[in-house]
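Number of protein chains: 2
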Amino acid sequence: MNWIAVDWGTSNLRAWAMGPDGPVAHGESPKGMGKLAPHEFEAALLELVEPWLDGKTLVLACGMVGARQGWREATYRAVPCTPTDALGLTRVETTDPRLDVRIAPGLSQSRPADVMRGEETQLAGALALHPAFDGVFCLPGTHSKWAQVSAGEVTSFQTFMTGELFALLSTQSVLRHSMAEGWDDAAFDEGLSEALSRPDRIAARLFSLRAEGLLHALPGASAKARLSGLLIGIELAGAKPYWLGQQVKLIGAEKLSASYARALATQGLKADTLDATACTLAGLASLRLKLEK
Amino acid sequence: MNWIAVDWGTSNLRAWAMGPDGPVAHGESPKGMGKLAPHEFEAALLELVEPWLDGKTLVLACGMVGARQGWREATYRAVPCTPTDALGLTRVETTDPRLDVRIAPGLSQSRPADVMRGEETQLAGALALHPAFDGVFCLPGTHSKWAQVSAGEVTSFQTFMTGELFALLSTQSVLRHSMAEGWDDAAFDEGLSEALSRPDRIAARLFSLRAEGLLHALPGASAKARLSGLLIGIELAGAKPYWLGQQVKLIGAEKLSASYARALATQGLKADTLDATACTLAGLASLRLKLEK
């Protein structure tokens with residue numbers, strides 16, 4: 001029997017028709033959770049998945065679709081716990097009787113307060129792909145996550161606003177005047193090293209990107225790479241208890257993960273990278289297997 | 294003879310008709326440098342000051358009006374130097390023959406690279422009001438400045454993006470969902486102490502404001518005050534070489550300066566506050582006196 005895997009974030013909706021051997025069709029739309037009122041989710045989903053429906057069809061969804069402002073709130077599960085659990089799924093009432101929609105809940109941590117939605121499914125997928133792994137996963141992104149995993153459970157995690165800070169600073173702040181397309185590895189390494197060695201100076205080092213542009217004609221591509229280095233550096237400084245002396249696996253997009261791998265390598269750490277989409281699909285697939293039991 | 298004082302920033306234009314004993318009239322408009330093309334500056338100025346013109350009239354302006362994207366670039370003067378100097382003024386050609394417009398240049402510092410525009414005039418005014426002062430001025434704002442002053446010269450300074458980070462994070466980032474009007478002194482102090490003691494954790498502490506709201510119903514006013522505390526705390530951590538064991542005077546708006554004074558008091562420092570507008574006017578007035586010599 002076929003089913004449908006859905007990754008529904010704030011900005012985008014992605015869906016896969018799943019056959020016995022994995023995905024057989026794929027669709028995506030910009031109708032992310034952030035753009036939809038609760039009554040608009042079903043239509044947005046049908047736009048993508050209707051051709052795949054075959055009688056009553058299971059739709060397993062993860063991500064911000066389960067947030068308070070989403071389609072239907074899927075209450076967080078508190079760590080320590082496995083990343084996902086069939087019992088935690090939240091069913092959604094739909095008008096179309098062919099849809100059997102269930103949303104995977106996120107994870108919460110009481111102290112220090114933290115939450116994730118969507119990454120728990122990637123963690124479940126990473127563990128399905130590497131069942132014996134004990135160590136730390138780093139999931140770079142808008143809100144980067146570091147998660148300690150032991151014996152199949154997430155024992156603790158921490159979120160850093162790195163990606164969102166980069167987007168705001170490079171496109172909305174005064175620094176946008178100093179940024180350009182392109183990249184500069186040496187500038188990235190400099191920013192990284194500055195932030196790791198002197199995290200207290202971060203707010204001054206940010207402004208200096210502007211001043212370096214005005215006074216010393218720092219190229220825009222170098223400014224952008226150094227900004228990325230500063231922000232990943234301050235993240236690594238704060239996440240040190242997670243990576244120091246640990247096995248680390250990255251889960252993320254190729255380019256961003258490469259920057260994190262480069263950053264970790266300067267600290268003597270070799271981290272390999274798992275593809276984020278492959279982990280999401282493996283996570284939803286493992287959840288579907290649990291559901292059948 | 295009367296003259297006109299102008300503070301022309303990115304967002305606003307403020308002008309004062311100056312008599313022998315200080316300002317006799319005041320006007321302001323939202324036509325800041327950021328909204329004007331070079332050919333639009335003269336008309337924006339005339340809208341405010343035309344009623345005050347009396348034959349050829351001196352207009353002394355400071356701020357972003359002298360930036361590369363402003364009316365006419367006023368090249369930076371490099372520290373160490375006095376905050377302002379009549380020789381550094383840049384004259385602007387105008388269509389209206391009654392206008393004699395001169396723009397005060399900002400200050401630059403080569404290493405670490407830094408720039409200011411407008412604050413140099415406040416520093417000149419503060420020194421005009423307190424000629425014997427040797428020590429440190431802190432100018433809180435969008436881009437907070439710390440300046441070391443000795444024997445009437447600015448010897449070094451450093452800029453922190455504190456105010457801009459606060460604006461972006463509280464209104465443009467995911468944290469905006471957790472913010473509300475109001476204030477909470479205890480939450481401010483907590484944020485301050487967290488950032489001062491563990492600056493490396495700043496990117497994680499920022500996200501925890503969102504998680505505390507979702508999991509522990511942290512009130513929006515407390516989240517906003519804690520965000521302010523975190524950002525002023527990371528600034529104080531980075532500015533420590535400027536304030537530790539120093540005489541510090543604040544130059545700024547009343548409410549924001551009160552937060553900085555409170556923050557410095559937790560570190561055992563008593564800083565008094567000078568009004569920013571009074572300093573700007575005193576700075577432009579002292580520049581006009583130098584011009585007459």
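Going down the list, the sequences are from chains A and B.
Each residue of the first sequence is one higher than the one before, starting from 1 at the first, in our numbering.
Each residue of the second sequence is one higher than the one before, starting from 294 at the first, in our numbering.
Even glycine gets a Cβ: it sits at the ideal position worked out from N, Cα and C.
Per DSSP, reduced to three states, the secondary structure at residue 110 of chain A is coil, with no helix or strand assignment.
Below 8 Å, enough C-beta pairs join the segment 228-241 of chain A and the segment 160-174 of chain A to call them touching: three or more. Cβ-Cβ distances below 6 Å link residue 237 of chain A to 196 and 199 in the same chain, with the five nearest sequence neighbours on each side left out; the list follows chain order. The straight-line gap separating the alpha-carbon atoms of residue 374 of chain B and residue 556 of chain B is approximately 30 Å.
Across the set A/203, A/186 and A/226, the C-alpha of A/226 shows the shortest separation from the C-alpha of residue 180 of chain A.
The C-beta distance from residue 331 of chain B to residue 364 of chain B rounds to 6 Å, short enough to meet the 8 Å contact threshold. According to the DSSP secondary-structure assignment, residue 384 of chain B is paired through a beta bridge with B/395. Within chain B, the residues placing a beta-carbon under 8 Å from that of residue 212 of chain A are 406, ordered along the chain.
From the listed residues A/148, A/177 and A/77, the smallest Cα separation to residue 244 of chain A is found for A/148.
In the structure shown, residue 376 of chain B falls within a coil segment according to DSSP collapsed to helix, strand and coil. The three-state reading of DSSP puts residue 367 of chain B in coil, since its state is none of H, G, I, E or B. Residues of chain A whose Cβ lies closer than 7 Å to the Cβ of residue 547 of chain B do not exist, since the nearest Cβ in that chain is about 23 Å away.
Non-local C-beta neighbours of residue 506 of chain B in its own chain, meaning closer than 8 Å and more than five positions away in sequence, comprise 470, 471, 513 and 516, ordered along the chain.
Excluding the 5 residues flanking it on each side, residue 337 of chain B has same chain C-beta neighbours closer than 8 Å at 306, 322, 324 and 329, in chain order. Nearest CB-CB separation between residue 208 of chain A and chain B: below the 8 Å threshold.
In terms of beta-carbon proximity, residue 317 of chain B stays away from the interface with chain A, with every pair separated by 8 Å or more. Within the same chain, Cβ atoms closer than 7 Å to the Cβ of residue 253 of chain A are found at 276, the five residues on either side in sequence being excluded. For residue 342 of chain B, the enclosing alpha helix (DSSP H) begins and ends at 334-342. Linking residue 350 of chain B to residue 301 of chain B through their CA atoms gives a straight-line distance of about 18 Å. Going by DSSP, residue 280 of chain A is part of the alpha helix (DSSP H) stretching over 276-292. A residue is called buried when at least 16 other Cβ atoms come within 10 angstroms of its Cβ; residue 436 of chain B meets this threshold and is buried. Here the segment 128-141 of chain A does not lie against the segment 90-108 of chain A, with fewer than 3 beta-carbon pairs under 8 Å apart.
Here residue 33 of chain A carries a helix assignment [DSSP, helix/strand/coil]. Comparing alpha carbon positions, the residue from A/50, A/67, A/125 and A/40 closest to residue 288 of chain A is A/125. In terms of beta-carbon proximity, residue 157 of chain A stays away from the interface with chain B, with every pair separated by 8 Å or more.
The shortest C-alpha to C-alpha distance from residue 384 of chain B to any of B/353, B/315, B/465 and B/562 is the one to B/353.
Residues of chain B whose Cβ lies closer than 8 Å to the Cβ of residue 199 of chain A are, in chain order, 492, 493 and 495.
From the listed residues A/272, A/156 and A/3, the smallest Cα separation to residue 98 of chain A is found for A/3. Just measuring C-alpha positions, the residue of A/193, A/19 and A/209 sitting nearest residue 265 of chain A is A/193. A Cβ of chain B is located within less than 8 Å of the beta carbon of residue 237 of chain A. Residue pairing of residue 515 of chain B in beta bridges, as defined by DSSP: absent, with no partner found.
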